[in-house]
Each structure stands twice: as C-alpha cells, then as structure tokens.
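In what follows, a structure is listed as structure tokens, so that the remarks can point back to it.
In our numbering, the protein residues as written are 125 to 582.
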C-alpha cells in the first residue's frame, strides 16, 4: 500500500508562538485538482451495497419518509471525514497510529477490537454486494447451463475476488491511479442512478419536504419499530466507522512531498492542504448523498405500489425490468457491481490501516483480502438471506461507530496533538452532538428490540 501508513513522517511541531499557523496563501490555478481524491475514495463507503439494502427497503416500505436520515447523516459525514483527514494531515499519522501513541494499551486494544468488528461487518456487506452484482448480470446464463443458484453465486464471488485484486493492484502503480479508478466507479454509480431517477419521474416537492422534515411511521407500533430500525441501519450505512480510520491514511501520500521542508514551510503547506481537503470532502460527500437519495427516490416511486415491501436486492432487480424496462434492471446491476467492487477494495485497505496502526505490525493487504472473503463465502454457501445479512451488518456498524468517533474527537480537541490546528469550540460541540445522536438512536433501537423479544416470549 503505497504511502498509506508512513512510519517516519514527523508529527505536529511544538505549540509555540513562533510556530503559530501562518496566514493562508492564495490558490494557484488548477492546483486544487491535484488534491482531489482522498475524500472520493472515502465516499465509496457511503454508497456501498449496505446502502443499496437499507435505501431500497426504506424507500419501498416508507416512501420518501426517511430521506431526512440521509440529509442529516451526510451533514455528520462531512464533519467527521474532514476531522479524520485533518488529524492525518496535521500529525502525519493515521487515526489508529494516533490512538496507539496517545491512549493506554488496554484502551487501544479495545478500540482495535471494535474497529475489527466494524471492518469485518463492512467487508461482508461489500463483498456480498459485488458478488450479487455479477450474479444479476450473468447469473441467468450460468443457471441456463445447469448451475444452481448457490453455485452461480459462488462463481460470482470468485469473479469478484479476482476483480478486487485487480483494483488493489492499481495502488501499486501509484496512489493517483488508484484514486482515479475509484472516482470512475463513483461516476458510474451516479450515472446509473441518475438514469433510474429519470425513468421514475419522482414527486420532487414531496421528496424535498421529507428530506428537510424528520418523520417516522407512527401508524402502528410495528411500523414505528421498523422505521427506527431502518433509520439506524441507514445511519450505519452512511456514516461508516472503518472509513473514518481510512481517511486519515488516504491523505498521507501527499504529505511525503513536505518531508524535506522546514517546520514553518510544512505548516503553511498543511494549511493549504486542509483547505483543499475541505473542498474535496464537501464535493465527495454531497455526491454520495445525492446518489443515496436517488436510491430511496427510485425505490419510493417504483416499489411502493407492491403488496409487500421489497425484501431483497434480487427481487428489486427482477421487479425493475417489467416496471421500467430491461435497461433499468441492467443499470441497477451495474451500479451494484461498481459499488461492491470499489467499496470492497476500500474496505480491505481500511482493514489494513486498522491492524497496522493499532498493533504496529506489517500486514500484507492481499493476505487480508484472502482472509476477509471467508465470511462472505460461508453466507453464500449456507444460502442465507443476503439482504438480511446486509441490514444486520449496517446496524452493527452503527453500534461500533462511537468507538471510532470518540477517539477522533478527543484527539482533534487536544492542543498537545493538533497544536494550533486544534478544533474550534463550535466544532467540538457539533462533534459531541453527533456522537450523542448516534448513541441515542442505538439505545432506542435496543429498547425496541428488547420490547419485541419480551412480547414474543410472553
């Protein structure tokens, strides 16, 4: 992994008046384009197959009603991803490396366990999505040649493995090649869903109302529980813990260009990099938000007339063909494939950053890819419901999210870590409000699950 986990980059200089953050220098023409990339790689995690699962079920079950979850999740994501990038730019270390440096060993070990759980849940969802995308495209041909559905899915998973290895190999040619490859996948997903929205002719006024005004289904206790469950799952699918760790590593390669300069020059360059990265984050995260919103809008229009909400991705694909034409079904499958391949690749990179940063060991990324495909092959081989697995993985991610957010906020709020780049008061308040909202949603969901389990036993 070229440049992802540098061991020798210096951290922030001591906090002295002489080293106060220098005034910003003006932009040079076209300079910003050389800094675009890290946030787009991170944004792939926000449009992964888990988002397909939650958005399709949310749109088919509740129409436009849960669009507000995406809007507010995106606002959270912008702040969180910028803070992760900022920590990496200022300190020259990834978030896991900073945790190992500044926290006690027992705390560091606990954070690593939570991060690994998040990484495993993420990779399971993303790899399943990639395999399902290939199956939707060529599965009928394999079925026609006598393969069973499970066999076809396993063959699709093998194809996915090869393709993900090929994408990972892009990084060997340089981080810019990898970033361009991922940006191509993001563009392809956006194009496919733009096409889907064009076909369904949504009610934009109603969509805008539900995007701005938070609502849940209060028509019945079950409806309220289901809408809460999907809201938490959508939050887990949108604000991803593994990519919080990863973003602090994605900014590292460009920092190597500053290594030969003195402290003052490096501080000036860091200030410029932070401004460019803020723009990178804003553009990439809002692009991901638009794609996620398009998923819900498409499902809300195409599937709400169904007798039962769409319960799996394969049914959604089969339903789109008769409703909107074969081109719509193909675009859906292509978008899912692009999402699964790109996000699975990014998930493997995040896993490598997590284990190397927390444990200070070298771990080959291709070996991690081989290990992390095992759970997906088990799920496929046992014939488990892929959509339910995807939804469960997103809820798990929501519960592990505070274990990434709290250390990030603590570190970016410390002057000893960030020097003059320490977070401002309003940023600190916003960060802790975000953590409080996530924890509160999780507590509500746990209460609903416990209530339902008790009611079922009695």
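For each residue, glycine too, the CB sits at the ideal point set by N, CA and C. All of these numbers come straight from a predicted model, not from anything done at the bench.
Residue i versus residue j: straight-line alpha-carbon distance, rounded
i: residue 263; j: residue 446; result: 18 Å
i: residue 291; j: residue 259; result: 19 Å
i: residue 155; j: residue 487; result: 34 Å
i: residue 190; j: residue 182; result: 7 Å
i: residue 410; j: residue 198; result: 7 Å
i: residue 179; j: residue 354; result: 9 Å
i: residue 336; j: residue 429; result: 24 Å
i: residue 164; j: residue 300; result: 12 Å
i: residue 391; j: residue 322; result: 47 Å
i: residue 162; j: residue 334; result: 31 Å
i: residue 320; j: residue 357; result: 23 Å
i: residue 570; j: residue 350; result: 12 Å
i: residue 294; j: residue 376; result: 17 Å
i: residue 400; j: residue 192; result: 28 Å
i: residue 238; j: residue 232; result: 10 Å
i: residue 327; j: residue 440; result: 21 Å
i: residue 177; j: residue 166; result: 19 Å
i: residue 288; j: residue 255; result: 11 Å
i: residue 565; j: residue 522; result: 9 Å
i: residue 513; j: residue 393; result: 44 Å
i: residue 536; j: residue 332; result: 34 Å
i: residue 505; j: residue 278; result: 7 Å
The alpha helix (DSSP H) enclosing residue i, as first and last residue numbers
i: residue 334; result: 328-336
i: residue 459; result: 450-483
i: residue 167; result: 162-167
i: residue 207; result: 191-215
i: residue 120; result: Residue 120 lies beyond the stretch modelled for the chain, which goes from 125 to 582, so this question has no answer here.
i: residue 498; result: 498-505
i: residue 224; result: 219-226
i: residue 380; result: Careful: residue 380 lies outside any alpha helix (DSSP H) and carries neither H nor E.
i: residue 184; result: 173-186
Proximity to residue i [Cα-Cα], best of the options
i: residue 558; options: 203, 165 and 161; result: 203
i: residue 311; options: 472, 408 and 342; result: 408
i: residue 168; options: 230, 182 and 303; result: 303
i: residue 555; options: 201, 489 and 165; result: 201
i: residue 352; options: 254, 186 and 425; result: 186
i: residue 113; options: 266, 478, 283 and 427; result: What is shown of the chain runs 125 to 582, which leaves residue 113 out entirely.
i: residue 282; options: 265, 251, 415 and 357; result: 251
i: residue 526; options: 498, 563 and 548; result: 563
i: residue 443; options: 463, 422 and 415; result: 422
i: residue 324; options: 175, 425, 394 and 158; result: 425
i: residue 315; options: 222, 275, 456 and 373; result: 456
i: residue 419; options: 184, 499 and 341; result: 184
i: residue 529; options: 370, 277 and 454; result: 370
Beta-carbon separation (whole angstroms), residue i vs residue j, contact threshold 8 Å
i: residue 471; j: residue 246; result: 5 Å
i: residue 412; j: residue 170; result: 4 Å
Interface flag, residue i vs chain D, CB-CB below 9 Å
i: residue 363; result: Although the question refers to chain D, the structure presented lacks it and comprises just one protein chain.
Runs of beta strand (DSSP E) wholly within the segment 255-304 (minimum 3 residues, chain order): Runs found: none.
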